[in-house]
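Under the working numbering, think of the first position of the sequence shown as 6, with each following residue one higher.
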Amino acid sequence: MSENKKIREEQRRARQKKKNRRKIKRVVFLVSEIIILLALCGAAYVMATYDKFQTVTFSEGDIQSNKGVKQEGYMTVALFGGDSRNGDLEKGAHTDTIILASIHHDTKEVRLASVYRDTLTVQVNGKVQKANYAYFAGGPKDAINVLNKNFDLDIQNYVTVDFKALADVIDLLGGIELEVTEQEAKEVNNYIDETGTVAEKKATHLTHGGTLKLDGVQAVTYARIRKNVGGDYKRAERQQKVIAKVVEKAKTMNIKTINKIIDKVFPKISTNFSLADMIGLAKEAFDYKLTETTGFPMEAMNGRVDKVGSVIIPVGLTENVQELHKFLYPKEKDKEVSDTVKSIEKKIEMLTGITRDKLNDPNTDISKSEHGVAGEEKK
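In structure tokens:
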């Protein structure tokens, strides 16, 4: 590659990374707020309300990491936004939201990376599927193992919040105000009846766009739409806006509202955190500092894979995993990715025909890749 081409490629990568970070400037997940609410009520309150959670206990050996993978000085937690039709947040539930949260033990800095749900991954059974398929097929255990396997992570704990819980919180807060475009309002109306049925709440259609006060069903539907309004990337932005509004209103809650939220929301949360772990998190809640957020993969292409559907393809899984680790664990020394990640990268490249070298080659028409894939760079 000529020097000019190298410079152009470096500039392109820098622009792409900046663009990706703009897509998710600040994601504040409901779980963080719940932990803070627990801290406000004290450790005794945590003990009194812990049994309201859907708690899961993993057996020894259930959660696995790639050989040699260990993030020293950090705890990594998987946060899932679940879509359960029957209130059960085990397998069979869909996950619209997948967030990796890294917490530094000493500084209490928290970094969040949203894994796009359509990201192409290798599942625990070796088959290639979307990232969110793992939770549907095998519940939180498979979901964690797929994240660990594909991205060289050492996740041991998770928290899943049913989207119905978010609808309850918004209603208890009296609704939230959002700017909704005419197209978004149209898409909300296409799916709001389904949301209302699942959430067991009244579904009120929107009559127009504009600055609107949305109830729980309307706001959750708004946060979940993606077709015809920007796909996964714009959906992440809408989720961000909804949660930011919830956090803003939650700051004014009184103890009566907090109690109502605990009674209605906690049964719609699944976690494998023990009571002791939860108390420890609650005690330190005010020390946590949310620093930066990003989206993953950092460099990717939209595409379609036979029998899988529309996907987001990491372009160079090795480089993407390295960038993810630099983001999540900035105080850790750079490490080479595992042989497992390298083998997954080759499998994805063979399936899609999309490699980092091809992306860097100006003579390659990526849109005509073989193996049932039609890719194009993210917009």
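All C-beta atoms, glycine included, are put in the ideal place defined by N, C-alpha and C. The model shown is predicted, which means the values in this text are computed figures rather than measured ones.
Item to check | Contiguous alpha helix (DSSP H) assignments of at least 4 residues, all confined to the region 139-220 | outcome: 168-177 and 187-204
Checklist entry - Considering L286, what are the terminal residues of the alpha helix (DSSP H) in which it resides? => result L280 to K288
Item to check | 7 Å CB neighbourhood of K254 in its chain, flanking five on each side removed | outcome: L178 and I181
Checklist entry - Do you know whose CA, among N130, T323 and V252, lies nearest A305's CA? => result T323
Checklist entry - Does the region 139-148 touch the region 95-107, meaning 3 or more C-beta pairs lie closer than 8 Å? => result yes
Checklist entry - Relative to the C-alpha of A204, which residue among K312, K218, K269 and L333 is closest? => result K269
Next on the checklist: Starting from M80, trace the alpha helix (DSSP H) in both directions and tell me its first and last residue.
Outcome noted: M80 -> not in any alpha helix (DSSP H); beta strand (DSSP E) instead, spanning Y79 to D88.
Checklist entry - Which of helix, strand or coil does DSSP assign to K30? => result With a pLDDT of only 35 at K30, under 50, the local geometry of the prediction cannot be trusted, and no value is derived from it.
Checklist entry - How long is the line joining the alpha carbons of A228 and R243, rounded to whole angstroms? => result 5 Å
Item to check | Simplified DSSP state of T298, which is helix, strand or coil | outcome: strand
Item to check | Boundaries of the alpha helix (DSSP H) in which Q327 is found, first to last residue | outcome: L322 to L333
Checklist entry - If you follow the alpha helix (DSSP H) that N264 is part of, which residue opens it and which one closes it? => result I260 to V270
Checklist entry - Does the region 215-229 come close enough to the region 255-262 that 3 or more CB-CB pairs lie under 8 Å? => result no
Item to check | DSSP state of L356 mapped onto helix, strand, coil | outcome: helix
Checklist entry - Is K169 near K273, with beta carbons less than 8 Å apart? => result yes
Checklist entry - Residue range of the beta strand (DSSP E) that T100 falls in? => result H99 to H109
Checklist entry - Using DSSP with H/G/I as helix, E/B as strand and the rest coil, what is E114? => result strand
Checklist entry - So, helix, strand or coil for L59, using DSSP? => result The residue you asked about is not Leu; residue 59 is Gln in the sequence shown. Three-state result, Q59: strand.
Item to check | Touch test, the region 72-91 against the region 159-169, Cβ-Cβ under 8 Å, three pairs minimum | outcome: yes
Checklist entry - In chain order, what residues of the same chain have a beta carbon less than 6 Å from the beta carbon of V185, not counting five sequence neighbours either side? => result G214 and L217
Item to check | Coarse secondary structure for K72, derived from DSSP in three states | outcome: coil
Item to check | Three-state class that DSSP yields for T257 in the structure shown | outcome: coil
Next on the checklist: With H, G and I counted as helix, E and B as strand and the rest as coil, what does DSSP make of M303?
Outcome noted: coil
Checklist entry - Residue range of the beta strand (DSSP E) that G314 falls in? => result G314 to P319
Checklist entry - Excluding five sequence neighbours on each side, which residues of the same chain lie with their C-beta closer than 7 Å to the C-beta of V342? => result D157, T323, V326 and Q327
Checklist entry - Alpha carbon to alpha carbon, how far is T296 from D176? => result 29 Å
Next on the checklist: Suppose the cutoff is 8 Å on Cβ atoms and the five residues either side in sequence are ignored; what does the same chain contact list for Q128 look like?
Outcome noted: Q134, Y138, A139, A142, D147 and V151
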